[in-house]
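Taking our numbering, the leading residue of the sequence shown gets 1, the next gets one more, and so forth.
Beta carbons: idealized from backbone N, C-alpha and C, even for Gly.
Structure first, then comments.
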Amino acid sequence: MPKPTSKPAVQTVFVCGSCGARAGKWHGRCLDCGAWNAMAEEPVRTPAAVGPARFGLPTTGETARLYADVDPVASERLASGFAEFDRVLGGGIVPGSVVLLGGEPGIGKSTLLLQAAARVASAIGPVLYASGEESTHQIKDRGRRLGVGEAPVWLLAETCLERILDEVERLRPALLIVDSIQTAVSTALPSAPGSIGQVREAATRLLFTAKQRNLPTFLVGHVTRDGSLAGPKVLEHVVDTVLYFEGERHHAHRVVRAVKNRFGAVSELGVFEMTGAGLVPVPSPSRLFLSERAAGVPGSAVLCAVEGSRPILVEVQALVSTGAYGTARRTASGIDHNRLSLLLAVLEKRAGLSAAGEDVFVNIAGGLTVSEPAADLGVVAAIASSMRGRRIRAGTAVFGEVGLGGEVRSASRAELRLREAAQLGFTRCVLPAGDADRTRASQDCALHGVRSVEEALAALTE
Ligand code: TYD
Ligand code: MG
């Protein structure tokens, strides 16, 4: 953060983002906890206000109530008009909730929110779309391709937070979109847009407005180079829901994933395809992720994964080839790198398949990221298949967690995975023995329960 030079018009104090220590002037390093570049400027709130109101947080002045006496609110949700998007939100937009949508530049954040804005506007009521990044003409130009049409979407090209709040007051929209939180600046702070203090101030004020007016609010968030949301960590704590927009620029499909949700399950997934007319929901992602599969090639296995409440079949590809002397490489895309090292060690010790000195490449086809342990057996199967040059038997899908002893452990939601596999025409599934015993009677797909990696490899390869 640049050090402010001129004397600020408003009285401010510098607060450390990591320990909360206060200082009268800016320091590059917090004098209390030693964190670098963590001091953020904040306005000094008038001491007249006490308690949470001092920090701009809502307070009701209520006394504690007995759990049994609290009426459950029928929390009706607004439909965004996008079934895939509603699914990620946990079943629609919750009134008064604040949702942060993060993602890399150009991934489609503005596109998705403008499409959602148009649908909410025509179904529920006016939407205010405040953009600090594009002019109203640019937004309109995009909207024409997306078919926004006559829906009452109000566009405001504005970075000043107070002006945005004034327009909220005037228009009383049913939904507010702020694109992006990093460009919103409050005149109460002299620091630059995007600085920790500004982002925190803007987010807190918008949260306050959202709760006070029961106004659902979407904030677009930029991500840093390492892929995490830019700005203070506190941003993620303040909002109700954090969504990440993922996907590779070179692939047409995009995945929206919930990483925090006060109103629904996390790791819930929505899949879209970027087309000339904007984002189009993909109702059957398994079909998409398997569509270009080169069946019958060694090193390819079909994994039954579950993301959130949704089963997805994906292809795990592995290529094991002789590396140049001393430069054995391990490259993982779509799975955790450390998990790959662990699985290679298990393969060597428990199944006698050593990849020492060989290059190992593992990839989840289509650019999806799978982080659940049940993916292990799919990865192991693909690697072993490539090493031995033997194909995985046709029509076979696989899932299961692999332990350090080479044992195959049960996975969650086996029924769901099997149903998806059967629906897509897989006739055989290699799965943990425990899961096979529990689900045997109810499936159309032949089950092959296994207890160890060795058993699994015997059952999988031809
Ligand atoms: P955008 O929503 O501007 O991304 P973000 O707000 O996350 O930075 O998306 C821009 C990209 O989407 C751009 O590369 C072009 C592409 N796109 C389409 O392919 N089709 C469309 O209809 C639109 C509106 C955008
Ligand atoms: Mg944008």
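Coil, strand or helix - residue i by DSSP
i, result
"G425", "coil"
"K211", "helix"
"L89", "coil"
"H448", "strand"
"D179", "strand"
"T136", "helix"
"V199", "helix"
"S321", "strand"
"G143", "helix"
"A48", "The pLDDT assigned to A48 is 49, lower than 50, so where the model puts this residue is not dependable, and the model offers no usable value."
"V234", "helix"
"E62", "coil"
"S333", "strand"
"T187", "coil"
"A192", "coil"
"V98", "strand"
"A35", "coil"
"V430", "strand"
"A151", "coil"
"A21", "coil"
"A471", "Nothing about residue 471 can be read from this structure; the chain reaches only from 1 to 462."
"M1", "Bear in mind that the predicted position of M1 carries a pLDDT of just 49, short of 50, making it unreliable; the figure below should be weighed with that in mind. Coil."
First through last residue of the alpha helix (DSSP H) which encompasses residue i
i, result
"V70", "Looking at the DSSP string, V70 is not in any alpha helix (DSSP H), and its letter there is neither H nor E."
"L460", "453-460"
"E162", "161-171"
"H222", "Here H222 belongs to no alpha helix (DSSP H); instead the beta strand (DSSP E) covers 217-222."
"T111", "109-123"
"A436", "433-439"
Check whether residue i and residue j have beta carbons under 8 Å apart
i, j, result
"A40", "S80", "no"
"V302", "L290", "yes"
"V94", "R77", "yes"
"S452", "E407", "yes"
"P311", "E420", "yes"
"G247", "R257", "no"
"R329", "D359", "yes"
"I364", "V430", "no"
"R205", "S186", "yes"
"A351", "L460", "no"
"P43", "L235", "no"
"A174", "I124", "yes"
"E14", "G103", "Inspection of the sequence shows that residue 14 is occupied by Phe rather than by Glu. Contact: no."
"T183", "G132", "yes"
Cβ-based neighbour list, residue i, same chain, cut-off 7 Å, excluding 5 preceding and 5 following
i, result
"T427", "G395, C445, A446"
"R417", "C304, V306, P311, F399"
"L404", "V346"
"L353", "L347, A384, M387"
"T136", "L155, A157"
Chain-order list of residues whose beta-carbon lies under 6 Å from that of residue i (same chain, five-residue window excluded)
i, result
"L156", "A130, E167"
"L100", "L219, G221, V239, V242"
"G434", "S410"
"A436", "L447, G449"
"T331", "F361"
"E201", "S186, L189"
"R393", "E462"
Continuous beta strand (DSSP E) stretch holding residue i: start and end
i, result
"L353", "It is not in any beta strand (DSSP E) - L353 carries neither H nor E in the DSSP assignment."
"G81", "Counting along the chain, G81 falls outside any beta strand (DSSP E), and DSSP gives it neither H nor E."
"S131", "127-131"
"G28", "Premise fails: G28 is in no beta strand (DSSP E) and is neither H nor E."
"L327", "The sequence shown places Thr at residue 327, rather than the Leu named in the question. Here T327 belongs to no beta strand (DSSP E), and DSSP marks it neither H nor E."
"V15", "12-16"
"V242", "241-246"
Cutoff 8 Å; reference residue i; Cβ partners in own chain excluding five residues on either side
i, result
"L424", "S286, R287, L290, L313"
"L113", "L101, Y129, I177, D179, F218, V220"
"L146", "T111, L114, Q115, A118, A277, G278"
"T322", "G357, E358, D359"
"A355", "V320, A328, L344, L347, E348, I383, M387"
Could you tell me which uninterrupted alpha helix (DSSP H) segments, each at least 4 residues in length, are contained entirely in the segment 250-316, listed from first to last along the chain?
Counting only runs that start and end inside the segment 250-316, the alpha helix (DSSP H) elements of at least 4 residues fall at 285-290.
Quick one: which unbroken alpha helix (DSSP H) runs of 4-plus residues sit fully inside the segment 357-423? Chain order, please.
Under the rule that a run must span 4 or more residues, the alpha helix (DSSP H) segments found entirely inside the segment 357-423 read 376-388, 414-423.
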